[in-house]
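Just so you know, we're using this note's numbering here: the sequence shown kicks off at 41 and counts up by one. Below: the structure, in structure tokens.
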Amino acid sequence: MTHRAIHIRIATPEDVPILQKLIDASVRGLQANDYTPGQIEAALKTVYGVDSQLIADGTYFVAEAASTESTKGIIVGCGGWSKRKTLFGGDHWTGRHDTLLDPNRDPAKIRAFFIHPDWARRGIGTMILDACEAAAQSAGFKRLEMGATLSGVPFYRARGYAALENIDVPLGDDHTMTVVRMAKDVA
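Written out as structure tokens, the structure reads:
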């Protein structure tokens with residue numbers, strides 16, 4: 041693969057079909073060492089997916105690799121932050137809480153990071169996380185937290201996030217998956 045410039049921008053509703061495919065590829069390609077095939081399939085049906093509220097709030101970013109064929113780039117990663125209570129989950133997740141957070145009291149949520157497996161470990165997650173942290177700080181938040189997958193924990197730990205607790209998320213079909221609630225002070 042040739043080197044391409046990466047551009048970070050705010051996601052739009054038009055990106056949703058591409059994001060759904062990206063999420064599927066990311067989960068299947070990058071989480072197989074940490075979760076069973078049954079957990080992955082159940083999570084794709086119940087937890088993982090696009091969160092349209094993040095897009096509507098203007099807090100979801102995509103990473104585009106510059107295309108040599110056209111002016112439109114190829115979306116290779118996504119991730120966001122939220123000023124709402126929901127810790128994780130796409131539109132179809134039943135554990136959503138859309139209550140707005142108070143930046144003086146509550147931590148902003150780092151949410152829904154997915155990188156295409158062909159583009160993993162190239163700094164794209166770091167670029168998106170930097171954009172999220174800067175935007176959340178600009179909105180007045182002093183602390184950030186997330187529900188990290190087991191696959192993501194080393195990345196977030198390297199970026200200064202500390203593990204607070206493990207959460208076993210029920211997925212149905214007698215499956216659960218462990219995510220790790222992590223946090224970081226940014227002010």
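No residue lacks a Cβ here, since even glycine has one placed at the ideal position from N, Cα and C.
For the alpha helix (DSSP H) containing residue i, name the first residue and the last one.
i	result
LEU190	From DSSP, LEU190 is part of no alpha helix (DSSP H); its letter is neither H nor E.
ALA105	Not the alpha helix (DSSP H): ALA105 falls in the beta strand (DSSP E), residues 100-105.
PRO68	The amino acid occupying residue 68 in the given sequence is Arg; Pro does not appear at that position. 56-70 is the span of the alpha helix (DSSP H), which, as asked, contains ARG68.
LYS85	77-86
Using the C-alpha atoms, what's the distance from residue j back to residue i?
i	j	result
PRO147	GLU185	6 Å
VAL102	ALA179	19 Å
GLY121	THR52	Correcting the residue type first, residue 121 is Trp in the shown sequence and not Gly. If I take the Cα positions, the gap works out to 15 Å.
SER92	ILE48	18 Å
ASP74	PRO57	26 Å
ALA72	VAL209	17 Å
ASP138	GLY129	12 Å
ASP225	LEU204	13 Å
ALA105	ILE114	5 Å
LYS125	LYS61	26 Å
ALA188	ARG162	19 Å
ILE50	ILE168	10 Å
GLY117	HIS156	6 Å
ASP142	GLY119	21 Å
ALA45	ILE164	11 Å
Where does residue i fall in DSSP's three states?
i	result
SER122	strand
ASP158	helix
ALA175	helix
LEU94	helix
ALA227	coil
ARG199	coil
LEU140	strand
GLY212	strand
GLY89	coil
MET41	Here the model assigns MET41 a pLDDT of 43, short of 50, so the residue's position is not dependable and the matter cannot be decided.
ASP170	helix
GLY165	helix
I'd like to confirm the pairing. Which residues does DSSP put opposite residue i in its beta bridges?
i	result
ILE207	VAL219
LYS149	SER122, GLU185
GLY129	BP columns for GLY129 are empty, so no partner.
ILE114	ALA105
Taking the continuous beta strand (DSSP E) assigned at residue i, which residues delimit it?
i	result
ARG49	46-50
Does the beta carbon of residue i come closer than 8 Å to any beta carbon on chain C?
i	result
VAL116	As a matter of chain content, chain C is missing from the structure shown, which is built from one protein chain.
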